[in-house]
Amino acid sequence: MTDDTAPIIVELVPLAAPIPTPSAPLAEMVYRPDSWTPQDVRTLRQLFNDDTPLPEISETLGRGLHGVRDKICTLGLRRHSTRPWGELEDHELIQTYGQEPAATIAARLGRSCGAVYTRAAFLGLSEEAAPAWTPWEDAQLRAGFAADIPTAQVALIIGRPHAGVYSRAGKLGIKHASTPKGWTNAEIERAIELVQAGHTYTQIGTILGTEGFATRTKSSLQALMQRTGQGKGWGRVWMPEEDELLIKAYRDNASLTPLRNLLGRSVFSIRWRAEYLNLRGTHARSKGFRLGPDWSEADEAWLRRDYGKIPTPELARQMGRTRAAIFTRANILGLIHEGRQRWTPDHLAALRIAHERGISLADLAAALGRETGALHKYAGKQGLVFGRRPRWPEPPTLADILNLPDDTKGKGEG
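Going by the working numbering, the sequence shown opens with residue 172, and the numbers climb by one from there.
Take a look at the structure:
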């Protein structure tokens with residue numbers, strides 16, 4: 172049985188109404204013949220809300236079309252539709268809005284979702300937005316959170332939904348008195364010990380509460396374990412020896428790729444652990460997992476100048492990088508290797524003659540001293556397709572191909 176004589180709390184803290192302060196007189200504005208008067212603005216709003224076409228609004232106001240459009244944009248007005256709404260469409264919208272998805276209604280009417288939303292607001296079908304928070308409500312919210320009053324009771328006193336109270340508290344930067352403070356070192360160490368012992372996050376939160384710490388939720392413990400690199404999703408727990416190797420790699424500015432392979436950990440696990448050890452940003456290289464040094468603008472200019480002009484192994488030795496690094500960076504920059512052997516006029520002529528005279532691609536590659544695959548790729552770029560052709564008994568030389576008479580018949584498929 173409840174006590175009807177118990178007082179009903181309707182206010183947590185009194186707040187006097189603000190006293191209006193006198194303001195200085197407004198300065199006189201310079202008259203402009205093309206300025207918008209309040210009557211012009213009211214007329215514009217009325218015509219715009221009535222879905223009057225913009226040319227008619229421009230003619231009614233005696234202003235240019237672009238000036239009307241600019242004023243509409245400045246006022247933040249939205250056109251209901253590019254074409255007028257009919258009575259049947261309005262009736263359909265009134266009957267179905269709120270019962271069916273707006274996308275379904277828009278597809279049936281042949282309009283956009285934005286047009287449906289705007290027309291629904293014009294017809295009074297949309298729910299109004301929540302009213303702005305008053306200073307009195309903010310004062311009750313601050314007092315209730317500071318006095319450790321349950322959030323549901325604070326919401327009942329203010330007359331706002333529970334979610335709205337939490338949202339407003341977040342915007343004001345207010346935390347409830349029962350909200351746990353930040354994690355202490357002792358609390359973090361104890362939580363890690365319990366994780367290593369095999370307890371679940373729910374059990375750990377309860378154990379921390381019984382040991383004098385704040386009772387933590389499962390989500391907060393998961394976030395803590397992720398920040399420290401101790402979470403179950405990261406595999407095994409980090410050992411002190413692994414921490415020493417990671418610290419040494421950052422101190423020596425060494426590549427983290429061999430360390431990752433040595434420890435058998437992922438890139439993300441190493442990054443999280445480095446952040447926990449306050450090592451983030453101390454590595455000399457912006458990308459610590461690269462074996463070689465970072466590419467500078469001067470290195471890229473060097474690569475553009477010499478790539479394809481000197482042998483790649485020699486270029487890699489001069490730049491102090493691996494061949495794989497040279498190839499990878501060249502592909503990123505879109506560089507094309509011209510090959511060690513340039514195409515001379517004789518080679519180009521031999522390619523054309525071989526295609527016309529039915530010489531096989533293998534015989535041509537042997538005559539030119541090139542690889543068959545590279546030759547096939549280059550011929551394809553030139554629009555020359557070599558089909559299946561028989562090999563010559565004696566492979567021709569470059570001179571033999573160039574000396575073929577014009578009346579030589581092709582052999583095999585052309």
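Ideal Cβ placement from N, Cα and C applies to all residues, glycine included.
Could you compute how far the alpha carbon of Trp405 sits from the alpha carbon of Ala455? Here the question's residue 405 lines up with position 234 in the sequence shown. Here the question's residue 455 lines up with position 284 in the sequence shown. Residue confidence for Trp405 is low, a pLDDT of 47 falling below 50, so the modelled location carries little weight and cannot support an answer.
Glu271 in three-state terms, based on DSSP: One-based indexing of the sequence shown puts residue 271 at position 100. In the structure shown, Glu271 sits in a strand (DSSP, three-state: E or B).
C-beta atoms of Val366 and Met396 nearer than 8 Å: Here residue 366 corresponds to residue number 195 of the sequence shown, with the count starting at 1. Here residue 396 corresponds to residue number 225 of the sequence shown, with the count starting at 1. Cβ atoms of Val366 and Met396: closer than 8 Å.
Looking at Ala472 and the ligand HEM, is the gap between the Cβ and the nearest heavy atom below 7 Å? What this structure holds is no ligand at all, so the ligand HEM is not there to describe.
Express the C-alpha separation of Ala273 and Cys284 in angstroms, rounding to a whole number. Within the sequence shown, residue 284 is the residue found at index 113, counting from 1. Within the sequence shown, residue 273 is the residue found at index 102, counting from 1. If I take the Cα positions, the gap works out to 6 Å.
Helix, strand or coil for Ile481 per DSSP? Along the sequence shown, read from residue 1 onward, the residue named residue 481 stands at position 310. In this structure, Ile481 counts as strand in the three-state DSSP scheme.
Span of the alpha helix (DSSP H), counted from its first residue to its last, around Gly341: Sequence index remark: in the sequence shown, residue 341 carries index 170 (1-based). Taken as a continuous stretch (DSSP letters only), the alpha helix (DSSP H) holding Gly341 covers 333-343.
State yes or no: is the C-beta of Ala537 within less than 8 Å of the C-beta of Pro566? Position 366 of the sequence shown, counted from the first residue, corresponds to residue 537. Position 395 of the sequence shown, counted from the first residue, corresponds to residue 566. Cβ atoms of Ala537 and Pro566: closer than 8 Å.
Would you kindly check if the distance between the Cβ of Ala533 and the Cβ of Thr543 is under 8 Å? To locate residue 543, count along the sequence shown from 1; it is residue 372. To locate residue 533, count along the sequence shown from 1; it is residue 362. Yes, Cβ-Cβ distance for Thr543 and Ala533 is below 8 Å.
Identify whether Gly565 lies in helix, strand or coil by the three-state DSSP scheme. Taking the sequence shown and counting its residues from 1, the one referred to as residue 565 is at position 394. Per the sequence presented here, residue 565 reads as Glu, with Gly not at that position. The answer is coil: DSSP assigns Glu565 none of H, G, I, E or B.
The segment 207-218 / the segment 230-250 touching (three or more Cβ pairs under 8 Å): yes
Check for me: the alpha helix (DSSP H) holding Ile328 runs from which residue to which? Start at 1 with the first residue of the sequence shown, and residue 328 comes out as number 157. Element bounds for Ile328: 322-329.
Should Asp261 and Leu218 be called a contact, given that it needs their Cβ atoms to be closer than 8 Å? In the sequence shown, counting from the first residue as 1, residue 261 sits at position 90. In the sequence shown, counting from the first residue as 1, residue 218 sits at position 47. Not a contact, by the Cβ cut-off of 8 Å.
Since Ile345 and Phe384 are thought to touch, with beta carbons under 8 Å apart, how far apart are those beta carbons, to the nearest angstrom? Taking the first residue of the sequence shown as 1, we reach residue 345 at position 174. Taking the first residue of the sequence shown as 1, we reach residue 384 at position 213. Not a contact, Cβ separation roughly 23 Å.
Compare the Cα-Cα distances from Arg541 to each of Glu527, Arg560, Thr568 and report the closest residue. Taking the first residue of the sequence shown as 1, we reach residue 541 at position 370. If we check each option's Cα against that of Arg541, Thr568 comes out closest.
Is it true that the CB of Ala501 sits closer than 8 Å to the CB of Ile572? Taking the first residue of the sequence shown as position 1, residue 572 is located at position 401. Taking the first residue of the sequence shown as position 1, residue 501 is located at position 330. Going by C-beta atoms, Ile572 is not nearer than 8 Å to Ala501.
Where does Gly404 sit, in a helix, a strand or coil, going by DSSP? Within the sequence shown, the letter at position 233 stands for residue 404. Because Gly404 sits at a pLDDT of 49, beneath the cut-off of 50, its placement in the model cannot be relied upon, and the following sentence gives the value as read from the coordinates. Three-state DSSP puts Gly404 in a helix.
Could you round the C-beta distance between Glu358 and Leu379 to whole angstroms and report it? I think they count as a contact, below 8 Å. Position 187 of the sequence shown holds residue 358. Position 208 of the sequence shown holds residue 379. Yes, they are in contact, since the Cβ atoms of Glu358 and Leu379 sit about 7 Å apart, within 8 Å.
If you draw a straight line from the alpha carbon of Pro196 to that of Ser349, how long is it in whole angstroms? If you number the sequence shown from 1, residue 196 lands on position 25. If you number the sequence shown from 1, residue 349 lands on position 178. Cα-Cα distance, rounded: 49 Å.
Looking at C-alpha atoms only, which residue of Glu471, Arg203, Glu263 is the closest neighbour of Leu504? Taking the first residue of the sequence shown as position 1, residue 504 is located at position 333. Nearest option by C-alpha distance: Glu471.
Give me, in chain order, the residues of the same chain whose beta-carbon lies closer than 8 Å to that of Arg431; leave out the 5 immediate sequence neighbours on both sides. Residue 431 sits at position 260 when you count from the first residue of the sequence shown. For Arg431, where only same-chain residues beyond five positions count, the Cβ hits under 8 Å are Ser437, Val438, Ile441, Phe460.
What does the alpha-carbon distance come out to for the pair Val184 and Ala310? Working through the sequence shown from its first residue, we reach residue 184 at position 13. Working through the sequence shown from its first residue, we reach residue 310 at position 139. Approximately 7 Å between the Cα atoms of the pair.
Spatially closest choice to Ala546 from Ala323, Ala314, Arg559, His518, by CA coordinates: By 1-based counting over the sequence shown, the position of residue 546 is 375. Note that residue 546 corresponds to Leu in the displayed sequence, not to Ala. Residue His518 is the option with its Cα nearest to Leu546.
Taking Cβ to Cβ, would you say Pro561 is nearer than 8 Å to Ser531? Position 390 of the sequence shown, counting from 1, holds the residue named residue 561. Position 360 of the sequence shown, counting from 1, holds the residue named residue 531. Contact flag set, yes.
Going by DSSP in three states, Ser426 sits in which element: helix, strand or coil? As a first step, residue 426 is located in the sequence shown; it is residue number 255 there, counting from the start. Residue state, collapsed to three classes: coil.
Counting along the chain, where does the alpha helix (DSSP H) carrying Gly380 start and finish? The residue labelled residue 380 in the question sits at position 209 within the sequence shown. Note, Gly380: alpha helix (DSSP H), 372-381.
With respect to the alpha helix (DSSP H) encompassing Trp409, which residues constitute its N-terminal and C-terminal limits? Here residue 409 is taken as the residue at index 238 of the sequence shown, counted from 1. Counting along the chain, Trp409 falls outside any alpha helix (DSSP H), and DSSP gives it neither H nor E.
What separation, rounded to the nearest whole angstrom, lies between the Cα atoms of His526 and Val556? Within the sequence shown, the letter at position 355 stands for residue 526. Within the sequence shown, the letter at position 385 stands for residue 556. Looking at the two C-alpha atoms, the distance is approximately 8 Å.
I'd like the list of long-range same chain contacts for Asn574, defined as Cβ closer than 7 Å, with 5 residues on each side in sequence excluded. Position 403 of the sequence shown, counting from 1, holds the residue named residue 574. So no residue of the chain qualifies.
Would you mind stating whether Ile363 and Thr399 have Cβ atoms separated by less than 8 Å? As a first step, residue 363 is located in the sequence shown; it is residue number 192 there, counting from the start. As a first step, residue 399 is located in the sequence shown; it is residue number 228 there, counting from the start. Taking 8 Å as the Cβ cut-off, Ile363 and Thr399 qualify as a contacting pair.
In chain order, what are the residue ranges of uninterrupted alpha helix (DSSP H) at least 4 long that sit wholly in the segment 209-248? 209-220, 225-232, 236-246
Whole beta strand (DSSP E) runs in the segment 521-545 with 3 or more residues, listed along the chain? none
Going by other Cβ atoms of all chains shown within 10 Å of its Cβ, with 16 needed for buried, is Ala291 buried or exposed? Within the sequence shown, residue 291 is the residue found at index 120, counting from 1. By the 10 Å Cβ count, Ala291 comes out buried.
Looking at Asp423 and Leu448, is the spacing between their C-beta atoms short of 8 Å? Start at 1 with the first residue of the sequence shown, and residue 448 comes out as number 277. Start at 1 with the first residue of the sequence shown, and residue 423 comes out as number 252. Cβ distance not < 8 Å, so Leu448 and Asp423 don't count as in contact.
What residues in its chain sit with their C-beta under 7 Å from that of Leu225, if we drop five residues either side in the sequence? By 1-based counting over the sequence shown, the position of residue 225 is 54. If we look at Leu225 and ignore the five residues flanking it on each side, its Cβ neighbours are Leu236, Val239, Arg240.
Measuring straight from C-alpha to C-alpha, what distance separates Gly435 and Thr355? The residue you call residue 435 lines up with position 264 of the sequence shown. The residue you call residue 355 lines up with position 184 of the sequence shown. If I take the Cα positions, the gap works out to 30 Å.
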